[in-house]
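Numbering (our numbering), first residue to last: 316 to 494.
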Amino acid sequence: MRANAKRLSKLFSKRVAGKSLRFTTYFGLEIFARCLGTGDFSRMAHPSSELQKTIFETLTGDRSLTSLLGGPKVFDRRPERIAFPYLTLGRTAVVDWSTGTEDGSEHILTLHVWAKGGGKQETYEIMDKVSERLNGANLPLEGHHLVNLQLQFAEARQETDSATYHGILRFRAVTEPVA
């Protein structure tokens, strides 16, 4: 993914209509950003990056979840030599959800739970806590309004030829820019 990001960054680091078009990755989400030629992505408030940021902050700030995980173990991707259990922020898909009068975005976010010692029961407990914290939550987003955040899919399974249990949670969110 990093090699692709570098290649795309070179491809899309050109000036378009007097503005610099750049490519960036934020919490695993690859997005294109238009900046005023500064390359300063801190000024951006892309709804998906804001959504990922607030989900990360919500999950790492939840004491009961961090207790189950043995710390604030929520990652963009699995770090080397991390102890089980932990959470990773997975794939995000975004589609235009605009109406004739209002702009909006639909986001499909996938979260992964990884557990070993506690088996499937531990996986279920972590999945339940994440769902409890996020499903229907009214999370703050900079520059955007979260219309809804709903759990769409959940699955827990043992990985083939492994003692690792894998929980998958897929959420659907709709956001609108703040006027």
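Note that beta-carbon positions come from the ideal geometry of N, C-alpha and C, so glycine has one too.
- May I have the straight-line CA-CA distance separating VAL445 from ALA408, to the nearest angstrom? 20 angstroms
- Considering only the beta carbon of each residue, do MET442 and VAL462 sit closer than 9 angstroms? no
- Message: Just to confirm before moving on: does the CB-CB distance between ARG381 and ALA452 stay below 9 angstroms?
- Response: A small fix is needed here, since residue 381 is Thr in this sequence, not Arg. No, these two residues do not count as a Cβ contact at 9 angstroms.
- Item | Collapsed DSSP secondary structure at ASP411 in the structure displayed | strand
- Go to GLY434, then tell me how far its beta strand (DSSP E) extends in each direction, as first and last residue. Looking at the DSSP string, GLY434 is not in any beta strand (DSSP E); the run it does join, the alpha helix (DSSP H), is 434-449.
- Query: Is PRO362 helix, strand or coil when you go by DSSP?
  - Reply: helix
- Query: Are ILE370 and LEU424 touching if we call contact CB-CB under 9 angstroms?
  - Reply: yes
- Message: Would ARG485 and ASP377 be called neighbours here (beta carbons separated by less than 9 angstroms)?
- Response: no
- When you compare only the Cα positions, how much space is there between LEU456 and LEU464? 12 angstroms
- Task: Below 8 angstroms on the Cβ atoms is my guess for PRO501 versus HIS459; work out the distance and round it to an integer in Å.
- Result: The requested residue 501 is not part of the displayed model; the chain covers only 316 to 494.
- Query: Which of the three DSSP states, helix, strand or coil, is assigned to SER420?
  - Reply: strand
- Message: In whole angstroms, give me the CA-to-CA distance for PRO400 and LEU454.
- Response: 25 angstroms
- Task: Inspect the beta-carbon positions of GLN367 and LEU404 and report whether they are closer than 9 angstroms.
- Result: yes
- Task: Within the same chain, show all residues whose beta-carbon is closer than 6 angstroms to that of GLN467, passing over the 5 residues directly before and after it, in chain order.
- Result: ARG485 and ARG487
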